[in-house]
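The sequence shown begins at 0 in numbering that gives the first Met the number 0 and counts up by one.
We treat Cβ as the ideally placed atom computed from N, Cα and C, and that holds for glycine.
The structure presented is a predicted model; accordingly, all values stated were derived computationally and were not measured.
Everything on this sheet refers to the single structure shown next.
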Amino acid sequence: MHAPGELLPAEMTVRGALERFRSSAARTWLVTDLRGVIGVINLSRLEQELAENADRKISDLVDRDRFSARSPRPFAGFGAGAHGDERIEILPVVNRANVHKLEGIVTLAMCWMRTA
């Protein structure tokens, strides 16, 4: 586990996020609001949304149920998604008592290193 990199504000638009992060080496970002972390989004999803609604807020795109205490498998999509373009490369490590309190992240690269 290590400290997270850049965080996407939930109120940022798709266009704003892409302008800010297109040159980034990262392809997945944590989305945060005043409570803390609320979701994860990747470059592929942002690019898809750009064509549909560039002014849509990032908060509308994240699956908030994944941060619900009742969700037994919060990030089953870690790694390659069903279509291959839904890859989530980071997972938030959150506090058990407060699922929005970010403690750190685990990256897909870290998992690969552990299994090699």
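Burial state of residue i (16 or more Cβ within 10 Å)
i	result
L33	exposed
S67	Residue placement at S67 is flagged as unreliable, the pLDDT there being 48, under the threshold of 50; a coordinate-derived value is accordingly withheld.
G38	buried
P71	For P71, the predicted model reports a pLDDT of 37, less than 50, meaning its position is unreliable; a value from the coordinates is still stated below. Counting Cβ neighbours within 10 Å, P71 comes out exposed, since fewer than 16 surround it.
Under the three-state DSSP convention, the category residue i falls into
i	result
N97	coil
P8	strand
P3	coil
Strand pairing of residue i, partner residues [DSSP]
i	result
G119	Any question about residue 119 goes unanswered here, given that the chain covers just 0 to 115.
| Curious, which full-length beta strand (DSSP E) runs of at least 3 residues does the stretch 15-72 contain? | Scanning the stretch 15-72 from its first residue to its last, the whole beta strand (DSSP E) runs of 3-plus residues come out as 27-32 and 35-41.
Q) Are three or more beta carbon pairs between the stretch 20-27 and the stretch 48-55 nearer than 8 Å? A) Segments in contact, no.
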